[in-house]
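J.:
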Amino acid sequence: MDSFTKFTQSVSSNWTPFADKVGRSLTQYKQLASEKLTSTATITPLPADYLALERRFLAIHQTHQTLSRLTQKTYLPPYTPYDMQRLGQQITTLTTKISQPSTSAIQAEEASKKEAQEATTYEHLLGRAALDVSEDVGLEEPLGAGLFKFASIEEKVGDARVVLGRAVDRGFVQPLEDMGKGGVALAMAARKQVAAARLELDAAKSTMVSATKHVDEARQQVEQAEDRFVTAIEEATRLMEALVASPETLRHLAELVSAQLAFHRECAALLGDLAPELDEILTTQEALYRAK
1 MDSFTKFTQS
11 VSSNWTPFAD
21 KVGRSLTQYK
31 QLASEKLTST
41 ATITPLPADY
51 LALERRFLAI
61 HQTHQTLSRL
71 TQKTYLPPYT
81 PYDMQRLGQQ
91 ITTLTTKISQ
101 PSTSAIQAEE
111 ASKKEAQEAT
121 TYEHLLGRAA
131 LDVSEDVGLE
141 EPLGAGLFKF
151 ASIEEKVGDA
161 RVVLGRAVDR
171 GFVQPLEDMG
181 KGGVALAMAA
191 RKQVAAARLE
201 LDAAKSTMVS
211 ATKHVDEARQ
221 QVEQAEDRFV
231 TAIEEATRLM
241 EALVASPETL
251 RHLAELVSAQ
261 LAFHRECAAL
271 LGDLAPELDE
281 ILTTQEALYR
291 AK
């Protein structure tokens, strides 16, 4: 008998919060439906300061999502198979046009597909394809020598891009994702609580207006709903202000720019060395061409 009594008490204690939650949810849904279906429903306005803060918060949240998506697509591997395959096909066409006649189109296509699978970046793919062609043309030829030098530089540029991708992921993408899972997620949940508390408050007001009995009880329900509404607004305001005022987004943006700057400086140095060498080879080939 004692065991049964304890069991029923346990069920009752667990059921009460659940039933209360379900009842509040139904109240919110009924109020929302009333607002959607009628034009006479009373809607408690949110404070102007809260709405202004909410707009700023949502703008920052959207910025996080957009920049994170674009930086991942731009800097982080793997590149899409379609893009790599398309570039491989373009290099195959180049190979078949300028390589020696003994190199078949089928062999070139197979080689390009293999390179597309193994390449880490577009620069790696270009460099390795140019290296293969330089061997077919012959390193003693101006074109072969130029392709060989181009291949070696593109390989280094590809390595620099890998370093850039890691720096962007570590200093920008991952921190933004961590913010999204932490403070941003809490603020988004708090905004939902504000919306729910507002619906409960307006439902309580509507009940009090139409009440013919238990008016004092209905008025007490309104006061309690107002307290929950104010508390929800204060909590959401605190969480949104924490994100809006935080320097973290700007700090991570500075990390992104720093990584880009390091990459472009290295590329400029590498390509700056390559350009005059190619010009010299070109001058030599032009002289040989005119001498014929």
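Residue numbering for the sequence shown follows full-length UniProt numbering, starting at 1 and increasing by one per position. Ideal placement from N, C-alpha and C gives every residue a C-beta, glycine not left out. Computed from a predicted structure; not experimentally measured.
For Tyr289 and Glu135, I'd like the C-alpha separation in whole angstroms.
T.: On the sequence shown, position 289 is the one that residue 289 refers to. On the sequence shown, position 135 is the one that residue 135 refers to. Tyr289 and Glu135: Cα-Cα distance of roughly 21 Å.
J.: Decide if Ala252 is buried, meaning its Cβ has at least 16 other Cβ atoms within 10 Å, or exposed.
T.: Locating residue 252 in the sequence shown gives position 252, counting from the first residue. Residue identity differs from the one stated: residue 252 is His in this sequence, not Ala. Buried.
J.: For Arg191, collect the residues of the same chain with a Cβ closer than 6 Å to its Cβ; drop the 5 residues on either side in sequence, then sort them by chain order.
T.: Counting from one through the sequence shown, the residue named residue 191 turns up at place 191. Contacts found: Ala236.
J.: Is Ile43 helix, strand or coil by DSSP?
T.: Sequence index remark: in the sequence shown, residue 43 carries index 43 (1-based). In the structure shown, Ile43 sits in coil (DSSP, three-state: anything other than H, G, I, E or B).
J.: What separation, rounded to the nearest whole angstrom, lies between the Cα atoms of Gln174 and Ala242?
T.: Walking along the sequence shown from the start, residue 174 turns up at place 174. Walking along the sequence shown from the start, residue 242 turns up at place 242. Distance between the alpha carbons of Gln174 and Ala242: 19 Å.
J.: Where do the ends of the alpha helix (DSSP H) carrying His252 lie?
T.: Against the sequence shown, residue 252 aligns to sequence position 252. Glu248 to Ala291 is the span of the alpha helix (DSSP H), which, as asked, contains His252.
J.: Taking 8 Å as the cut-off, decide whether the C-beta atoms of Leu176 and Ser68 are in contact.
T.: Sequence index remark: in the sequence shown, residue 176 carries index 176 (1-based). Sequence index remark: in the sequence shown, residue 68 carries index 68 (1-based). Yes, they are a contact pair.
J.: Going by DSSP in three states, Gln121 sits in which element: helix, strand or coil?
T.: Stepping through the sequence shown from its first residue, residue 121 is reached at position 121. Per the sequence shown, residue 121 should be read as Thr rather than Gln. Per DSSP, reduced to three states, the secondary structure at Thr121 is coil, with no helix or strand assignment.
J.: Using a Cβ distance threshold of 8 Å, determine whether the stretch 217 to 224 contacts the stretch 50 to 63, with at least three qualifying pairs required.
T.: In short, these stretches do not touch, since the Cβ pair count stays below three.
J.: When we look at the beta-carbon of Leu70 and count the other beta-carbons within 10 Å, is it buried (16 or more) or exposed?
T.: Numbered from 1 along the sequence shown, position 70 holds the residue referred to as residue 70. By the neighbour-count rule (16 or more Cβ atoms within 10 Å), Leu70 is not buried but exposed.
J.: Would you mind stating whether Gly158 and Gly183 have Cβ atoms separated by less than 8 Å?
T.: Translated into the one-based positions of the sequence shown, residue 158 becomes position 158. Translated into the one-based positions of the sequence shown, residue 183 becomes position 183. Result no, Cβ atoms of Gly158 and Gly183 do not sit closer than 8 Å.
J.: Please state whether the Cβ-Cβ distance between Gly146 and Leu76 is less than 8 Å.
T.: Numbered from 1 along the sequence shown, position 146 holds the residue referred to as residue 146. Numbered from 1 along the sequence shown, position 76 holds the residue referred to as residue 76. No, they are not a contact pair.
J.: Check whether the Cβ atoms of Ala189 and Glu266 sit closer than 8 Å, and answer yes or no.
T.: Position 189 of the sequence shown, counted from the start, is the residue given in the question as residue 189. Position 266 of the sequence shown, counted from the start, is the residue given in the question as residue 266. It is not a contact, given that the beta carbons lie outside the stated cut-off.
J.: Rounded to whole angstroms, what is the Cα-Cα separation between Glu280 and Glu255?
T.: Indexing the sequence shown from 1 puts residue 280 at position 280. Indexing the sequence shown from 1 puts residue 255 at position 255. One C-alpha to the other measures close to 38 Å.
J.: Taking its Cβ as the centre, do 16 or more other Cβ atoms sit within 10 Å of Val209, making it buried, or is it exposed?
T.: Here residue 209 corresponds to residue number 209 of the sequence shown, with the count starting at 1. Exposed.
J.: With 16 other CB atoms within 10 Å as the buried threshold, where does Lys292 fall?
T.: Counting from 1 along the sequence shown, the entry for residue 292 is found at position 292. Burial call: exposed.
J.: Out of Phe150, Thr66, Leu46 and Leu139, which one is the CA nearest neighbour of Pro276?
T.: The residue labelled residue 276 in the question sits at position 276 within the sequence shown. Minimum Cα-Cα distance from Pro276 among the listed residues Phe150, Thr66, Leu46 and Leu139 corresponds to Phe150.
J.: Can you list, in chain order, the residues of its chain whose CB lies under 7 Å from that of Glu226, leaving out five sequence neighbours each side?
T.: As a working note, residue 226 is residue 226 in the sequence shown. Answer for Glu226: Leu201, listed in chain order.
J.: May I ask which residues mark the beginning and end of the alpha helix (DSSP H) holding residue 294?
T.: Lying outside 1 to 292, the shown extent of the chain, residue 294 is not represented and no answer is given.
J.: Which class does Val127 belong to by DSSP, given the choice of helix, strand or coil?
T.: The residue you call residue 127 lines up with position 127 of the sequence shown. A quick correction: the sequence has Gly, not Val, at residue 127. The three-state reading of DSSP puts Gly127 in helix, counting H, G and I together.
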